[in-house]
Amino acid sequence: MSVRFLGWEVTYDDDSPGGQLQASQVPRDRGVYTMYHGTTVDNARGIIANGFRQSLGGMLGKGVYVSRDQNKADRYPIKIGPSKRVVLELRVRVGRVKRIDTDNHPMQYTWSTLGYDTAWVPPNCGMKAVPSGLEEDCVFDPTRVEVVGVARAPDDVLTELQQLVAASLRTPGGSASGTALQARGGGGVELCSLCKRKTQLGHPHVTLLCWGCGQNICTLMTKHQCPGHF
């Protein structure tokens, strides 16, 4: 007797049902990732309102310094107490990525002049400039970095910063989505109603009709079985 089955089942290899790349995973060129940036309250207000500006220097040269590891962002700014720090959640388009994993790397300060958009320092690579061993990224073009949420802030300014982010995402060029924003502390990501995995704001998953049963399906669903076909 033949058995007809319409559907599929897959297993993701990223250990991350929310779709976020772990700090130890290699970022893919042209990928879009959730990252974090630690700053002061006043600077957070300015960044949310006007976007990031290039740092004039640092261990990787000019750019915006961010990390996929929130523990890294939690440490900054170093010279102020933890209770006064703000950690912004970001959507980052990394473009072309250069791995920098040794002290005095020949492209440590020149990667941006050689066609790369982001420099990536992997965790625990042994660089003396990163004694914490935590992952770090430098994005040359500030327009590749967008604030989408507030991961951490003092209680007395948390609501204010959340509201500023929400307003910025509703402006032209931002997100006008009416769906609930579900990031930590006030927004930044959406949840696909079909596959239940995170989506980047303004970039919904591809959906289509199943050719077997006609149901609406997401291409990232881990399993689909047509009713009555098993």
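Mapping of the sequence shown onto my numbering: residues 48 to 277, in sequence order. Glycine residues also receive a C-beta, built at the ideal position from the N, C-alpha and C atoms.
Considering Cα atoms alone, identify which of I95, T87, V73, Q72 is closest to Q210. As a position in the sequence shown, residue 210 is number 163, starting the count at 1. Ranking the options by Cα distance to Q210, first place goes to I95.
Kindly indicate which three-state DSSP category Q272 falls into: helix, strand or coil? In the sequence shown, residue 272 corresponds to position 225, counting from 1. Strand.
Is there a C-beta anywhere in chain B that falls below 8 Å from the one on V186? In the structure shown, chain B does not exist; there is a single protein chain.
For a test of the three-state rule: what should DSSP assign to D89, helix, strand or coil? By 1-based counting over the sequence shown, the position of residue 89 is 42. In the structure shown, D89 sits in a helix (DSSP, three-state: H, G or I).
Just to check my reading of the structure: R122 and T81 have Cβ atoms closer than 8 Å, yes? What is that Cβ distance to the nearest angstrom? By 1-based counting over the sequence shown, the position of residue 122 is 75. By 1-based counting over the sequence shown, the position of residue 81 is 34. Contact doesn't hold; Cβ gap of about 18 Å is too wide.
For I264, which of helix, strand or coil comes out of DSSP? Walking along the sequence shown from the start, residue 264 turns up at place 217. DSSP places I264 in strand when its eight states are reduced to three.
How should L216 be labelled, buried or exposed, when 16 other C-beta atoms within 10 angstroms of its C-beta is the threshold for buried? Reading the sequence shown from its first residue, position 169 is the one you call residue 216. So L216 counts as buried.
Three-state secondary structure (DSSP) of V73: Here residue 73 is taken as the residue at index 26 of the sequence shown, counted from 1. Here V73 sits in coil by DSSP.
Looking only at its chain, what residues have a beta carbon closer than 6 Å to the beta carbon of V111, apart from the 5 residues adjacent to it on each side? Working through the sequence shown from its first residue, we reach residue 111 at position 64. The answer, listed in chain order, is F99, V186, P189, V192.
Burial state of S159 (16 or more Cβ within 10 Å): Position 112 of the sequence shown, counting from 1, holds the residue named residue 159. Buried, by the Cβ-count rule.
Once DSSP output is grouped into helix, strand and coil, what is the label at A120? As a position in the sequence shown, residue 120 is number 73, starting the count at 1. Note: A120 maps to helix in three-state DSSP.
Assuming L255 is part of the beta strand (DSSP E), what are its boundary residues? As a first step, residue 255 is located in the sequence shown; it is residue number 208 there, counting from the start. Here the beta strand (DSSP E) through L255 covers 254-256.
Quick test of your reading: V113 and D164, contact by CB under 8 Å. State the CB separation rounded to the nearest angstrom. Walking along the sequence shown from the start, residue 113 turns up at place 66. Walking along the sequence shown from the start, residue 164 turns up at place 117. Going by Cβ atoms, the distance from V113 to D164 rounds to 13 Å, so no, they are not a contact pair.
So the beta strand (DSSP E) T157 belongs to, where does it begin and stop? Locating residue 157 in the sequence shown gives position 110, counting from the first residue. First-last for T157: undefined, no H or E at that position.
Return helix, strand or coil for T149, following the three-state DSSP convention. For the purposes of this step, residue 149 is identified with residue 102 of the sequence shown, where counting begins at 1. Here T149 sits in coil by DSSP.
Bounding residues of the alpha helix (DSSP H) (the contiguous stretch that carries R217): Position 170 of the sequence shown, counted from the first residue, corresponds to residue 217. 202-217 is the span of the alpha helix (DSSP H), which, as asked, contains R217.
Going by DSSP, what residues sit across from V185 in a beta bridge? Stepping through the sequence shown from its first residue, residue 185 is reached at position 138. Note that residue 185 corresponds to Cys in the displayed sequence, not to Val. Answer is Y112, A166.
Around the Cβ of P129, are there at least 16 other Cβ atoms within 10 angstroms (buried) or fewer (exposed)? Walking along the sequence shown from the start, residue 129 turns up at place 82. Exposed, since its Cβ has fewer than 16 Cβ neighbours within 10 Å.
So who's on the other strand from M82, going by DSSP bridges? Position 35 of the sequence shown, counting from 1, holds the residue named residue 82. According to DSSP, which records beta bridges pairwise, M82 is partnered with L137.
Within its chain, find whatever has a CB closer than 6 Å to the CB of R146; leave out the 5 residues flanking it on each side and keep chain order. Translated into positions along the sequence shown, residue 146 becomes position 99. Around R146: W167.
Nearest-angstrom Cα distance between G105 and A176? For the purposes of this step, residue 105 is identified with residue 58 of the sequence shown, where counting begins at 1. For the purposes of this step, residue 176 is identified with residue 129 of the sequence shown, where counting begins at 1. If I take the Cα positions, the gap works out to 10 Å.
Grab the span of the beta strand (DSSP E) containing V194 for me, first residue to last. Mapped onto the sequence shown, residue 194 falls at position 147. Here the beta strand (DSSP E) through V194 covers 192-199.
Can you find the residues in the same chain that come closer than 6 Å, C-beta to C-beta, to K119, ignoring five residues on each side of it along the sequence? Residue numbering aside, residue 119 sits at position 72 when the sequence shown is read from its first letter. The residues are L181.
Backbone secondary structure at S130 - three-state DSSP: As a working note, residue 130 is residue 83 in the sequence shown. It is helical.
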